Amino acid sequence: MRFQSLAFPALCAAAAVSNCENPSKRVEWRELDDAARQQYTDAVVCLSTKPSRLGLNTSLYDDFPYVHAHLDKQIHAVASFLPWHRYFVHVYEGALKECGYKGVMPYWDWSLDADDMPKSTIWDPKTGFGGNGSLNKTESIYDGRAVRKCLDDGPFKDFFPAYLTTEYDPHCLARDWNDGSENVGNMLSENYNKEAVAKVQAVKDYDNYRQRLEAGPHGAIHSAMGGDMVPNTSPNDPIFFLHHTQIDRLWYLWQQEDPKTRTMEFAGYKTQDQFDGTKPPPASLDDTLLMNGLADDLKVKDLMTTQSSLLCYSY
Numbered sequence: 000m001r002f003q004s005l006a007f008p009a010l011c012a013a014a015a016v017s018n019c020e021n022p023s024k025r026v027e028w029r030e031l032d033d034a035a036r037q038q039y040t041d042a043v044v045c046l047s048t049k050p051s052r053l054g055l056n057t058s059l060y061d062d063f064p065y066v067h068a069h070l071d072k073q074i075h076a077v078a079s080f081l082p083w084h085r086y087f088v089h090v091y092e093g094a095l096k097e098c099g100y101k102g103v104m105p106y107w108d109w110s111l112d113a114d115d116m117p118k119s120t121i122w123d124p125k126t127g128f129g130g131n132g133s134l135n136k137t138e139s140i141y142d143g144r145a146v147r148k149c150l151d152d153g154p155f156k157d158f159f160p161a162y163l164t165t166e167y168d169p170h171c172l173a174r175d176w177n178d179g180s181e182n183v184g185n186m187l188s189e190n191y192n193k194e195a196v197a198k199v200q201a202v203k204d205y206d207n208y209r210q211r212l213e214a215g216p217h218g219a220i221h222s223a224m225g226g227d228m229v230p231n232t233s234p235n236d237p238i239f240f241l242h243h244t245q246i247d248r249l250w251y252l253w254q255q256e257d258p259k260t261r262t263m264e265f266a267g268y269k270t271q272d273q274f275d276g277t278k279p280p281p282a283s284l285d286d287t288l289l290m291n292g293l294a295d296d297l298k299v300k301d302l303m304t305t306q307s308s309l310l311c312y313s314y
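Here it is in structure tokens:
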């Protein structure tokens, strides 16, 4: 379906430097009552009916994986991984509110589910995100040499994402737990259980902290979910945003250990490795975080604290 362009009020970068007076407090998904969960998932479905902000012939929901995929190498394995995704989730939260969601942005603390991930209540088809993809509902991929396991329950079973990597490739929303293994096993839980998270949170400097968090718990959850959570269009799966709100929460908690220092501590490389063998340029708080038209571009320094008038939330 074709849609007219939807105007989006500009986010003021200048506002990011001001303090907020009444921050909202983000909560774990299971702290929401059933009515709030329903309102949240209804708002997500609503996004799939709204027009693109980017002038595309796809939906507002599709804008998020589209932008994420096109910025892939600028927002992963680089210093800006954490502030960029903090902003990305914030923009998504704003879109949900345009679709009638009245609550706070929830996070998914997957460490609570590490002992038995497949039985987590987050996969409940009525009060959660639906479960694993099904072999009873598949699509052929890779010239028929493999199949995509589509969701067949939950609020997103009829989702049909428009993009796969950077290409227009409409497909069912897929999950394939443990990255397609026949036996889902422990779903890589040794990388995101409470002990693993504690080790990451104990790292003292930003660059090593970001690397450990991104490569460890963050990456393990993407692989454990499989399906649409694996490619750079991983925001196709609505669970992405609760996952990244948890990543943001861990960074927030790490910052609160020494807020005066850590809300300004930013280090590492601006881009991924150079092809000519030279080192990438060092990252700076003045680096620009691109949103490619989804929202205003901001500076890293505008996203280093959640206690700004732009973000104005805590955990």
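The sequence shown maps to residues 0 to 314 in numbering that gives the first Met the number 0. Every residue gets a Cβ at the ideal spot worked out from N, C-alpha and C, and that includes glycine. All figures in this text were calculated on a predicted structure; none of them were measured in a lab.
- Under the 10 Å beta carbon count, N18 is surrounded by fewer than 16 other beta carbons and is classified as exposed.
- In this structure, the beta-carbon distance from L53 to C98 does not fall below 8 Å.
- Taking C-beta separations shorter than 6 Å and ignoring five residues to either side along the sequence, the partners of A42 in its chain run L95, C98, G99 and Y100, following chain order.
- A distance below 8 Å separates the beta carbons of G132 and G226.
- In the three-state scheme derived from DSSP, where H, G and I count as helix and E and B as strand, R211 is classed as helix.
- A check of alpha carbon separations from D168 across W176, Y39 and E138 identifies E138 as the nearest.
- Here K300 has L284 as same chain residues with Cβ atoms under 6 Å from its own Cβ, once five neighbours each way along the sequence are excluded.
- Counting only the Cα atoms, A34 lies some 29 Å from K136.
- Taken in chain order, the unbroken stretches of alpha helix (DSSP H) that lie wholly in the region 216 to 288 and span 4 residues or more are 218 to 224, 238 to 255 and 258 to 261.
- Of the residues S188, Y268, W122 and F240, the one whose Cα lies closest to the Cα of Q210 is Y268.
- The region 274 to 282 makes no contact with the region 82 to 93: fewer than 3 CB pairs, one atom from each, lie closer than 8 Å.
- With 16 or more other CB atoms across the displayed protein chains lying within 10 angstroms of its CB, T57 is buried.
- As computed with DSSP, V146 is found in a beta bridge with S139.
- About 6 Å separates the beta carbons of L288 and P82, which is inside the 8 Å limit, making them a contact pair.
- Annotation: the continuous alpha helix (DSSP H) that includes Q200 extends over K193 to Q200.
- Apart from the 5 residues on each side of it in sequence, K24 sits with its Cβ closer than 6 Å to the Cβ of S313 in its chain, given in chain order.
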